[in-house]
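Notes follow the structure.
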Amino acid sequence: MACSVLLLYLVVLSSCSSACICSISNWSPIVPCEYSLSFKLFQAEKQICCLTVIFKNIVLPNLYKTIIPLFYFMNESNLSAVAETVGTLKNISLIFNNFLLALFILAGGFFIGRFIGKLVQKILRGIELDGLAKKVFKRNIPLQDSISFVISGAIYLLSIILALKEIGIAAPVFRWLAAAFIVLILISAALYVKDAVPSIISGLKIIGSRQIRAGDHIKIDEHTEGDVIKVDLTELRLKTEKGDLIYVPNSIISKSKVEIRKKL
83 MACSVLLLYL VVLSSCSSAC ICSISNWSPI VPCEYSLSFK LFQAEKQICC
133 LTVIFKNIVL PNLYKTIIPL FYFMNESNLS AVAETVGTLK NISLIFNNFL
183 LALFILAGGF FIGRFIGKLV QKILRGIELD GLAKKVFKRN IPLQDSISFV
233 ISGAIYLLSI ILALKEIGIA APVFRWLAAA FIVLILISAA LYVKDAVPSI
283 ISGLKIIGSR QIRAGDHIKI DEHTEGDVIK VDLTELRLKT EKGDLIYVPN
333 SIISKSKVEI RKKL
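Note that the numbering used here numbers the sequence shown so that position 104 is 186, with each residue one more than the last.
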């Protein structure tokens, strides 16, 4: 309503101004020129004031109603939602990059571990480490394969740890690995005790009764035969006619048929 009144007022003002200007122009010989110019300036000022009122009271409120909600939309919750979305995308990108780097570390670590393991095995075979171990310990010990396996396994484990660290799950995995390692140690200890205790008990009986001594020739269940070299708490060491060393657990001796031929 206010808009219509102001527009009507502006139209009437313009019409009256035009009529007055035409009249003043017709009476120009009588009316001085400066009065005509002053009247035109006065009418222009009135029109400008009217346009200012229209802009202030009608245009600006409608403009605010249109623009302000947009700024409100962009300034508060939705801007935070957009920021969260952008942050989420950045986090996803970072996780993806870390995952690719972890895969690269894992693949590189396994390749390097396999290569170094083969190289160490080749070097140890060149110096005949297994042969030296057999001469020193008087038994076959696969040191070449064992050392190369341990080195490769250490590199594999290191690459796995670095890869897990890149994707941020190293600490939980370490806890699970530590728990699994402790359980494995307990199981191994239980199995060792299960096998060792009967052998120790049998060894105490054999040593206490002195039924078998070093230098005796014994035959166990028609399968194993040789000269006794040493009697321990857990095992009996025999040497066959071919010069081979045999380690027999004392628990087996106590459960088997044993023929003993004393040394002279």
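Think of the CB as a built atom: it goes at the ideal place given N, C-alpha and C, for glycine as much as any other residue.
Once DSSP output is grouped into helix, strand and coil, what is the label at residue i?
| i | result |
| --- | --- |
| Ser107 | Per-residue confidence for Ser107 stands at a pLDDT of 45, beneath the threshold of 50, marking its modelled position as unreliable; no derived number is given. |
| Leu188 | helix |
| Asp314 | coil |
| Arg292 | coil |
| Lys216 | helix |
| Gly325 | coil |
| Ile242 | helix |
| Ser120 | The predicted position of Ser120 is uncertain, since its pLDDT is 49 and thus under 50; a value taken from the coordinates is nonetheless stated next. In the structure shown, Ser120 sits in a helix (DSSP, three-state: H, G or I). |
| Glu158 | Low local confidence applies: a pLDDT of 49 at Glu158 is under 50, so the model's placement there is unreliable, with the coordinate-based value given in what follows. Of the three classes helix, strand and coil, the one that applies to Glu158 here is coil, per DSSP. |
Alpha carbon to alpha carbon, what distance is there between residue j and residue i?
| i | j | result |
| --- | --- | --- |
| Arg207 | Ile237 | 21 Å |
| Ile242 | Val310 | 49 Å |
| Val202 | Ile229 | 8 Å |
| Ile282 | Gln293 | 16 Å |
| Lys321 | Lys301 | 11 Å |
| Ile407 | Lys287 | Residue 407 is absent from the model: the chain starts at 83 and stops at 346. |
| Ile177 | Leu266 | 33 Å |
| Ile342 | Leu211 | 37 Å |
| Asp303 | Lys217 | 30 Å |
| Asp326 | Trp258 | 45 Å |
| Ile263 | Leu185 | Strictly speaking, residue 263 in this sequence is Phe, with Ile absent from that position. Rounded to the nearest angstrom, the two C-alpha atoms are 25 Å apart. |
| Leu268 | Leu225 | 26 Å |
| His305 | Gly213 | 28 Å |
| Asp227 | Ile194 | 17 Å |
| Leu182 | Val279 | 51 Å |
| Leu273 | Asp298 | 31 Å |
| Phe256 | Ile205 | 33 Å |
| Gly235 | Arg196 | 9 Å |
| Ser270 | Pro254 | 24 Å |
At what residues does the alpha helix (DSSP H) containing residue i begin and finish?
| i | result |
| --- | --- |
| Gly250 | Note, Gly250: premise wrong, no alpha helix (DSSP H); not H, not E. |
| Lys337 | 332-337 |
Report yes if the C-beta distance between residue i and residue j is below 7 Å; otherwise report no.
| i | j | result |
| --- | --- | --- |
| Ile328 | Gly308 | yes |
| Val330 | Leu315 | no |
| Ile209 | Ala215 | no |
| Ile233 | Gly199 | yes |
| Ser284 | Ser338 | no |
| Leu188 | Ala245 | yes |
| Glu248 | Asn179 | no |
| Lys276 | Ala296 | no |
Following the continuous beta strand (DSSP E) through residue i, name the residue where it begins and the one where it ends.
| i | result |
| --- | --- |
| Lys301 | 299-302 |
| Arg342 | First, the amino acid is wrong: residue 342 is Ile here, not Arg. Here the beta strand (DSSP E) through Ile342 covers 340-343. |
Just checking my contact of residue i with residue j at CB under 8 Å: how many whole Å lie between their CB atoms?
| i | j | result |
| --- | --- | --- |
| Lys190 | Leu240 | For the sequence presented, residue 190 should be read as Gly rather than Lys. Gly190 to Leu240, Cβ: 11 Å. No contact. |
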